[in-house]
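To start, the structure under review is shown below, and the notes come after it.
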Amino acid sequence: MRVERHADATSFLDRVGDFLLGREAQHNLILGLSGRLRTEPRLYGEDPYFAVALEGDGVVGVTIRTPPHNLILSEIDDEAALDPLADDAQAVFDSLPGVIGPKEPVARFARLWEERTGAGAQIEIQQRIYRASEAIMPEGVPGSMRTYEDGDRELVIAWVNAFVDEALPEAPPEDAEGWLERNLSNPDGGIELWLEGEAPVSFAGYGGLTPNGIRVGPVYTPPELRRRGYATALVAEVTHMLLDRGRKFCFLFTDLANPTSNSIYQRIGYEAVSDSDQWVFGRR
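Positions in the sequence shown are counted from 1; adding 88 to them yields this note's numbering.
Structure below.
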């Protein structure tokens, strides 16, 4: 077992593309991010990190990181890969804010990191990955979808901030304005709003293009406008639009602590694929 480090997304994807594509939904975050890094290698202002665990010539696991964000762990085909992957990450980074990946492997990686560095590890978010190859449109939801316009800027920034405050235990390194600018500069990304009359009542972003799919999210409706079907209808319309443009699949992540989102997306065509946990590291 050995670890091979790659300096850029192109050589990384050339090496691991088949491994990742074999489980495209599970790897949609890695595929989408590394695909974008091919053309914008310093998307977040620092050089990205790519590591590949090999058994002989076969890929058995990978990690990727765009500092200052979390390390991302792939599916792991041989648990013995976790030790050298942790060793290599420690050789490059003095510390990590956290790690995200498939449920059992990422828990093992978190414990290995804890043992090596003394950083306390705990689960921050438990998520489920969903995939849709069709969109089932809900009936009876008033309103219609409209693409983001310049005049929506302040509202969307406020809603992204509200989403972060509500859905995430702590703010990510990138603020709402940074997320918006990155989304708008992404040729494969976009933002759609659901309007009732002339008033925006919900929004959904999308991006993270993979060879056959694309990721939907974040999705947000203000609390006072919920339980009216706006987000359900909007995600269904966005999914239909993206599939109609030629994507075979749409992916999204849900928080397992939110039973509402895990039920409504299944009603519009999304099927659960796997679970993914986010761990955070801090002082003991």
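Beta carbons are placed, not taken as given, at the ideal position from N, Cα and C, and that holds for glycine.
Everything numeric in this text was worked out from a predicted model, so none of it was measured.
| query | result |
| --- | --- |
| E234 - partner residues in DSSP beta bridges | It is worth fixing the name first, because residue 234 is Arg in this sequence and not Glu. DSSP output for R234 lists L281 as bridge partner(s). |
| Member of E202, N249, L117 whose CA lies at the smallest distance from the CA of A174 | E202 |
| Straight-line gap, A319 to G123 (C-alpha atoms, nearest Å) | 28 angstroms |
| Close-in-space but distant-in-sequence residues of the same chain around L119 (CB under 6 angstroms, 5 per side omitted) | L108, T298 |
| With 16 other Cβ atoms within 10 Å as the buried cut-off, status of R126 | exposed |
| Three CB pairs or more closer than 8 angstroms across the region 347-355 and the region 328-339 | no |
| Run of the alpha helix (DSSP H) containing Y353, from where it starts to where it stops | 347-355 |
| Beta-carbon proximity list for P325, same chain, < 6 angstroms, skipping 5 on both sides | The sequence given here places Glu at residue 325; Pro does not occur at that position. Answer for E325: M233, listed in chain order. |
| Chain-order list of residues whose beta-carbon lies under 6 angstroms from that of T327 (same chain, five-residue window excluded) | A220, A223, C338 |
| For G305 and G293, believed in contact at Cβ under 8 angstroms, the rounded distance | 6 angstroms |
| Beta-carbon gap between Y218 and L281 smaller than 8 angstroms | no |
| E359 - partner residues in DSSP beta bridges | R219 |
| Supposed close pair A93, A139 - CB separation, criterion 8 angstroms | Per the sequence presented here, residue 93 reads as Arg, with Ala not at that position. About 5 angstroms; that satisfies the 8 angstroms criterion. |
| Proximity below 8 angstroms, CB of L117 to CB of I160 | yes |
| V252 versus R204: straight-line alpha-carbon distance, rounded | 31 angstroms |
| Ranges of the alpha helix (DSSP H) found wholly within the region 140-228, counting only runs of at least 4 | 170-180, 191-205 |
| Delimiting residues of the alpha helix (DSSP H) encompassing D343 | Not the alpha helix (DSSP H): D343 falls in the beta strand (DSSP E), residues 337-343. |
| CA nearest to the CA of E212, picked from A246, N158, M89 | N158 |
| Residues sharing a beta bridge with R90, DSSP | L142 |
| Per-residue DSSP class, three states only, for A292 | strand |
| Selection from G370, V368, V361 that minimises the alpha carbon distance to R216 | V361 |
| R241 versus L268, N249, R130, residue with shortest Cα-Cα distance | L268 |
| R126 in three-state terms, based on DSSP | helix |
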